[in-house]
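To start, the structure itself, in structure tokens.
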Amino acid sequence: MTISDDAFIHPSAVIDLPVDIGAATKIWHFCHIMSGARIGSNCLLGQNVYVASSVVVGDGCRIQNNVSLYDGVTLEPDVFLGPSCVFTNIRNPRANVRRHDFEATHIARGATLGANCTVVAGCTIGCWAFVGAGSVITKAVPDYALVVGNPARLVGWISRHGTRLKFVKNVARCLDTGETYRLTEKGVELEERT
Amino acid sequence: MTISDDAFIHPSAVIDLPVDIGAATKIWHFCHIMSGARIGSNCLLGQNVYVASSVVVGDGCRIQNNVSLYDGVTLEPDVFLGPSCVFTNIRNPRANVRRHDFEATHIARGATLGANCTVVAGCTIGCWAFVGAGSVITKAVPDYALVVGNPARLVGWISRHGTRLKFVKNVARCLDTGETYRLTEKGVELEERT
Amino acid sequence: MTISDDAFIHPSAVIDLPVDIGAATKIWHFCHIMSGARIGSNCLLGQNVYVASSVVVGDGCRIQNNVSLYDGVTLEPDVFLGPSCVFTNIRNPRANVRRHDFEATHIARGATLGANCTVVAGCTIGCWAFVGAGSVITKAVPDYALVVGNPARLVGWISRHGTRLKFVKNVARCLDTGETYRLTEKGVELEERT
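Residue numbers (our numbering), protein chains in the order written: chain F, 1 to 194; chain Z, 1001 to 1194; chain P, 2001 to 2194.
Encoded structure:
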């Protein structure tokens, strides 16, 4: 495991070696990275971020202040975690009961978790999904879904660029990029250009 | 007041002497414990935990990252505080008004407060109660109660082990431990073995 | 820009010069203040507070633990920010899209933001408004309004002292200070003494 020469680590951060930290990644004040953690390139970790040993953070992720990534959390590339969003890895913790079965929380490529949202252990967040600020996620979120509230509910769909999608006859266009999306029984998919 | 020789305190934590810290308790990165605080044995305090002067933490409590215990908060033994759960000690704070009447927040034995929940000043949490992740507590929570939502509402009952209880004719059995619970006008009680 | 000789800054805090910090302001453990930030006099910044470069904090503000003030946030004097309350400055962040249009979040004089509340980018909080603990603010909050919930909704009115106002024929008196408030089409106003 190696730390790229090109990574920036603020002197107040604590890194327990060995870890993997990729090129051009920045780790800011009062972070703590446990040994074994794997953090990709071009990532940002804001103030007071914690990363546990078995966590994997893909390239290009942006993690805002006060986020803790516990064992069981995996971030695919290009995930955005808003400030103070919260993960868990046990559904029913008790101080006096040792549980050994961490539930996995998988955040797929490009997803955004809004500020101060909460993700209950074991929930998967689909690719390019968007969780509204302050939401509480209690079940899986589909690809490209926009969910808000406590508990979070599906209220719409959103493009890779972060633009609301309005489907007409199961087809929608991203008004910012021109991409075309299709809504099928399997969910929303981006139409690949040919 | 004394710090047990057997306690672990990470060098980045700030401890204002004198304090009581019991045996086998661990205090992790960037914590701040104010003088006068009393922390029992076998406790865990995660990253960026704050403990005010008059706070009492019972034996065996597990406090996850980013939790602040303000004056007026008391934890009985074996309390679990999920990451980023938040306490308060004044109901109607104003920056320009000095209030001298901190409201007490008492967390009874074995209770679990879920990740990122909020406890309004003065609310008591009953023994072995379970507050769901992201909930907002605005009134007292009974013993063994399971509460969720904003504001939090009673949705069921839970055993000491953290298992949902299904009452039939006011009797329920914990499926994990075999313990028997009774639901009476006073609430839920564990049937003591004879 | 200058730091008042009379300000207190805990040694564990990181201050990137130059900044403005006024007289009698206290900055506590593990804070980070970026260069360019302007913080008034008689302020309190609790543990793990972050202040970005372009932020302005008025005199007499009290900022509790774990609050991050991002570019675009302005606090007028006497604002109270409860612990772990969360701001944002982009409505639809994506890790792989650079957005240059931070939305301004203006908190007017004397307002209180409750513990662990979330303010979506671009929302204005009126003077002496009161945001309940754990609320999620998704639109502007009027002067003297009391709002709670996710999303936050208007549930009443509150005085400068922090006391609920009961309007009878559009007039209410603060039971603690005797001040008179009027409810008009424009909202609530304090009746100036003559």
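The beta-carbon is built from N, C-alpha and C at its ideal position, and this holds for glycine as well.
Quick caveat, the model's predicted, so the values are computed rather than measured.
Check whether chain F comes within 8 Å of residue i, counting only Cβ atoms and requiring the distance to be less than that.
i	result
residue 2136 of chain P	yes
residue 2171 of chain P	no
residue 1106 of chain Z	no
residue 1008 of chain Z	no
residue 1030 of chain Z	yes
residue 1083 of chain Z	yes
residue 2074 of chain P	no
residue 2096 of chain P	yes
residue 1161 of chain Z	yes
residue 1187 of chain Z	no
residue 1180 of chain Z	no
residue 1002 of chain Z	no
Is residue i near residue j, with beta carbons less than 8 Å apart?
i	j	result
residue 2133 of chain P	residue 2116 of chain P	yes
residue 1123 of chain Z	residue 1112 of chain Z	no
residue 1125 of chain Z	residue 1144 of chain Z	no
residue 2088 of chain P	residue 2121 of chain P	yes
residue 14 of chain F	residue 3 of chain F	no
residue 1103 of chain Z	residue 1072 of chain Z	yes
residue 97 of chain F	residue 84 of chain F	no
residue 1146 of chain Z	residue 1107 of chain Z	no
residue 2110 of chain P	residue 2127 of chain P	yes
residue 37 of chain F	residue 23 of chain F	no
residue 60 of chain F	residue 48 of chain F	no
residue 148 of chain F	residue 155 of chain F	yes
residue 2005 of chain P	residue 2034 of chain P	no
residue 69 of chain F	residue 55 of chain F	yes
At a Cβ threshold of 8 Å, is residue i touching chain P?
i	result
residue 116 of chain F	yes
residue 61 of chain F	yes
residue 1093 of chain Z	yes
residue 1184 of chain Z	no
residue 1068 of chain Z	yes
residue 12 of chain F	yes
residue 1088 of chain Z	yes
residue 129 of chain F	no
residue 133 of chain F	yes
Identify the continuous beta strand (DSSP E) that holds residue i and give its terminal residues.
i	result
residue 1103 of chain Z	Run containing residue 1103 of chain Z: none; DSSP gives neither H nor E here.
residue 2184 of chain P	2180-2184
residue 74 of chain F	73-75
residue 110 of chain F	Element bounds for residue 110 of chain F: n/a, residue is neither H nor E.
residue 1189 of chain Z	1187-1190
Measuring straight from C-alpha to C-alpha, what distance separates residue i and residue j?
i	j	result
residue 2039 of chain P	residue 2046 of chain P	14 Å
residue 95 of chain F	residue 1168 of chain Z	28 Å
residue 165 of chain F	residue 81 of chain F	22 Å
residue 2160 of chain P	residue 1189 of chain Z	45 Å
residue 2032 of chain P	residue 1029 of chain Z	16 Å
residue 77 of chain F	residue 64 of chain F	15 Å
residue 79 of chain F	residue 153 of chain F	20 Å
residue 2136 of chain P	residue 2062 of chain P	20 Å
residue 1181 of chain Z	residue 1174 of chain Z	8 Å
residue 2092 of chain P	residue 2099 of chain P	9 Å
residue 2021 of chain P	residue 2172 of chain P	38 Å
residue 2192 of chain P	residue 177 of chain F	54 Å
residue 201 of chain F	residue 2012 of chain P	This structure gives no information on residue 201 of chain F, because the portion of chain F shown stretches from 1 to 194.
residue 170 of chain F	residue 186 of chain F	12 Å
residue 1025 of chain Z	residue 90 of chain F	22 Å
residue 1001 of chain Z	residue 2163 of chain P	40 Å
residue 1009 of chain Z	residue 183 of chain F	54 Å
residue 2050 of chain P	residue 1086 of chain Z	18 Å
residue 1131 of chain Z	residue 119 of chain F	15 Å
residue 994 of chain Z	residue 27 of chain F	The requested residue 994 of chain Z does not occur in the structure, where chain Z is confined to residues 1001 to 1194.
residue 2101 of chain P	residue 179 of chain F	23 Å
Taking Cβ positions only, does residue i come closer than 8 Å to chain Z?
i	result
residue 2078 of chain P	yes
residue 177 of chain F	no
residue 65 of chain F	no
residue 48 of chain F	yes
residue 120 of chain F	yes
residue 2149 of chain P	yes
Output the residue ranges of the beta strand (DSSP E) runs that lie fully inside the stretch 1118-1176 of chain Z and measure 3 residues or longer, sorted by chain position. 1145-1148, 1153-1158 and 1171-1173
Beta strand (DSSP E) runs wholly inside the stretch 2034-2085 of chain P, at least 3 long, in chain order: 2073-2075
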